[in-house]
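These protein sequences, in sequence, are chains P and E.
Numbered by my numbering, the letters in the first sequence go through residues 3 to 212 in order.
Numbered by my numbering, the letters in the second sequence go through residues 3 to 212 in order.
Backbone N, C-alpha and C fix where the C-beta goes; we use that ideal spot for every residue, glycine too.
To keep things clear, I will list the structure first and then write my remarks on it.
There are 2 protein chains.
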Amino acid sequence: MAVLVPYAAARPKTRLSDFLDSPERVSFSRAMLADVVDAVVDSGGNPTVLATEPVELDADATVEVDDRPLSTAVNDRLAAAADDGDDSTAVVMSDLALATPRVLSRFFDADGDLVVAPGRGGGTNALVVRHPEFRVDYHGTSYLDHLRVARDIGASVREFDSMRLSTDIDEPEDLVEVLLHTDGRARDWLLDAGFTVDVRKGRVGVRRER
Amino acid sequence: MAVLVPYAAARPKTRLSDFLDSPERVSFSRAMLADVVDAVVDSGGNPTVLATEPVELDADATVEVDDRPLSTAVNDRLAAAADDGDDSTAVVMSDLALATPRVLSRFFDADGDLVVAPGRGGGTNALVVRHPEFRVDYHGTSYLDHLRVARDIGASVREFDSMRLSTDIDEPEDLVEVLLHTDGRARDWLLDAGFTVDVRKGRVGVRRER
């Protein structure tokens with residue numbers, strides 16, 4: 003399956019700025035992107051990174067540069083795929099560090115004109131699109147918006163219930179999930195940067211030691 | 003399947019105190035408990051609420067009062083089940099407001115001497131126990147602790163990947179998940195209390211209007 007992996011190359015992961023400086027945020031976000039691309043490839047998918055500027059990537063994906071807003075860039079590819087008669091396209095966010103080949107295989111194989119993996123806070127972390135008229139709108143509570151769009155065009159919807167695909171790594175408290183549940187480059191990056199799991203007063207977070 | 007639903011009846015959900023006063027937190031936590039019990043019953047499970055003090059519950063479950071710490075109370079029941087030769091017992095937390103009969107059926111049917119649904123931050127939100135020697139330890143990063151216990155006793159482990167079971171409702175930002183992804187008493191409670199989904203600067207949360 004053709005899999006789009008959008009990547010905002012400039013100033014990624016600003017909400018991690020209390021823990022990581024700007025070059026570190028770029029480096030960490032690239033590690034997550036490479037992990038996601040690897041997982042897509044290992045699940046049998048064919049990834050294209052849609053990047054807002056050129057990126058060097060140590061993983062097996064085509065990189066297309068498109069500096070337009072996320073939804074515009076994705077919708078352009080969905081329209082082209084529909085014109086070409088492609089029957090399905092997936093969109094997988096580049097910060098889903100917990101994605102594995104196993105969960106992505108199940109996700110790509112799930113039935114539905116639209117398969118949606120919600121993120122926390124009403125986001126849309128991953129999509130399989132099998133309806134030629136479906137277009138994305140990532141602004142706001144995109145999960146509800148995408149359900150509405152599907153209903154409007156008569157597309158069947160499958161909600162895909164996965165902790166791994168629901169966990170986008172945006173906030174400092176998300177870093178512990180990478181340490182606990184993954185073994186790829188993003189986890190290695192955090193360990194190299196001195197992060198460890200920290201248990202304090204029954205709450206679990208991360209601590210940085212250097 | 004016998005399903006234990008532990009419930010801390012006194013001072014529940016203290017981390018919601020910025021949004022809800024103490025009687026409201028009790029009332030909201032009871033609504034979530036009733037939703038979880040309903041979902042267990044509708045999935046074919048046989049729920050027992052393990053409450054730290056007597057509770058009136060508008061749902062179809064036995065209530066057993068046990069004021070000992072959570073792990074002690076649960077382990078006492080696991081030991082009794084093993085003595086009785088019961089081959090499986092589940093433990094499902096009472097604040098999993100997003101649990102549905104569908105996901106619980108899949109969870110109870112999953113293979114493994116131990117089936118674990120992790121929560122965010124290294125917690126253990128739900129377990130199926132099919133090994134007579136397994137005991138819980140809910141302190142700290144219980145997810146890792148439970149994997150280690152399973153390894154030590156030679157029990158096979160299945161990680162159960164579910165956003166719905168990973169979402170325990172503890173923090174104010176969790177409330178939006180109840181509004182977005184459920185249709186039970188807990189959601190009705192929040193709507194009656196004036197909560198709505200709030201989209202601001204691209205972040206999604208809740209707002210309380212009265």
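Partners in chain P for residue i, counting only beta-carbon separations shorter than 8 Å
| i | result |
| --- | --- |
| E:Val105 | Asp163 |
DSSP state of residue i mapped onto helix, strand, coil
| i | result |
| --- | --- |
| P:Val105 | helix |
| P:Thr184 | coil |
| E:Thr198 | strand |
| E:Gly207 | strand |
| E:Tyr140 | coil |
| P:Leu116 | strand |
| P:Arg17 | helix |
| E:Pro8 | strand |
| E:Leu167 | helix |
| E:Glu179 | helix |
| P:Pro49 | strand |
| E:Glu66 | strand |
| E:Glu161 | strand |
| P:Thr126 | strand |
| E:Ala81 | helix |
| E:Thr91 | strand |
| P:Val76 | helix |
| P:Val131 | strand |
| P:Pro174 | helix |
| E:Ala61 | coil |
| P:Asp147 | helix |
| E:Asp97 | coil |
| P:Glu55 | coil |
| P:Pro25 | helix |
| P:Asp40 | helix |
| E:Asp86 | coil |
| E:Met3 | coil |
Residue i: contacting residues in chain E (beta-carbon distance under 9 Å)
| i | result |
| --- | --- |
| P:Leu146 | Leu182 and Val199 |
Cβ-based neighbour list, residue i, same chain, cut-off 6 Å, excluding 5 preceding and 5 following
| i | result |
| --- | --- |
| P:Thr143 | Gly124 |
| E:Ala4 | Asn48 and Thr91 |
| E:Val51 | Val7, Tyr9, Ala63 and Val65 |
| E:Tyr140 | Leu72 and Ser73 |
| E:Glu173 | Arg17 |
| E:Leu35 | Tyr9 and Ser96 |
| P:Thr169 | Leu100 and Glu179 |
| E:Ala225 | It is not possible to answer for residue 225 of chain E, since the shown part of chain E is limited to 3 through 212. |
| E:Pro103 | Ala41, Asp44 and Ser45 |
Proximal chain P residues relative to residue i, where beta-carbon distance stays under 9 Å
| i | result |
| --- | --- |
| E:Thr143 | Val178, Leu182, Val199, Val201 and Val206 |
Spatial neighbours of residue i in its chain, beta-carbon cut-off 7 Å, leaving aside the 5 residues before and after
| i | result |
| --- | --- |
| E:Leu38 | For the record, residue 38 of chain E in the displayed sequence is Val; it is not Leu. Around E:Val38: Val7, Val94, Ser96, Leu98 and Ala101. |
| E:Ser107 | Ser45 and Gly46 |
| P:Val67 | Ala53, Glu55 and Pro56 |
| E:Asp113 | Arg160 |
| E:Pro14 | Arg27, Val28 and Ser31 |
| P:Thr126 | Val118, Pro120, Tyr140, Ser144, Tyr145 and His148 |
| E:Asp69 | Thr54 and Glu55 |
| E:Ala11 | Ala53, Thr54, Glu55 and Val57 |
| P:Val105 | Ser164, Arg166 and Leu167 |
| E:Phe110 | Met3, Ser45, Gly47, Ala92 and Val130 |
| E:Asn77 | Arg137 and Val138 |
| P:Ala82 | none |
Neighbouring residues, chain E, relative to residue i (Cβ below 7 Å)
| i | result |
| --- | --- |
| P:Arg209 | Within chain E, no residue comes near P:Arg209; the closest Cβ sits about 13 Å away, beyond 7 Å. |
Chain-ordered neighbours of residue i on chain P, where CB pairs are closer than 7 Å
| i | result |
| --- | --- |
| E:Arg166 | Asp163 |
Same chain, Cβ closer than 8 Å to residue i, neighbours up to 5 away in sequence not counted
| i | result |
| --- | --- |
| P:Leu116 | Leu129, Val130, Val131, Arg132, His133, Phe136, His148, Ala152, Ala157, Ser158, Val159 and Arg160 |
| E:Val206 | Val178, Val199 and Asp200 |
| P:Thr16 | Arg27 |
| E:Leu182 | Val199 |
| P:Leu22 | Lys15, Phe30 and Ala195 |
The ligand SAM heavy atom lying under 8 Å from the CB of residue i
| i | result |
| --- | --- |
| P:Ser164 | This structure does not include the ligand SAM; it has no bound ligands of any sort. |
Subject >> Segment contact, 8 Å Cβ cut-off, at least three pairs: the segment 31-43 of chain E with the segment 78-89 of chain E >> reply: no
Subject >> Residues in the segment 92-103 of chain P having any Cβ partner in chain E nearer than 8 Å >> reply: none
**OP:** Determine, using beta-carbon pairs with one atom in the segment 162-173 of chain P and one in the segment 145-152 of chain P, whether at least three such pairs fall under 8 Å.
**Re:** no
**OP:** Could you tell me whether the segment 168-180 of chain P touches the segment 108-127 of chain E, using the rule of 3 or more Cβ pairs below 8 Å?
**Re:** yes
Original post:
Between the segment 25-35 of chain P and the segment 182-197 of chain P, are three or more C-beta pairs nearer than 8 Å?
Top reply: yes
**OP:** Could you name the residues of the segment 111-131 of chain E whose beta carbon sits closer than 9 Å to any beta carbon of chain P, in the order they occur along the chain?
**Re:** Ala119, Pro120, Gly121, Arg122, Gly123, Gly124 and Gly125
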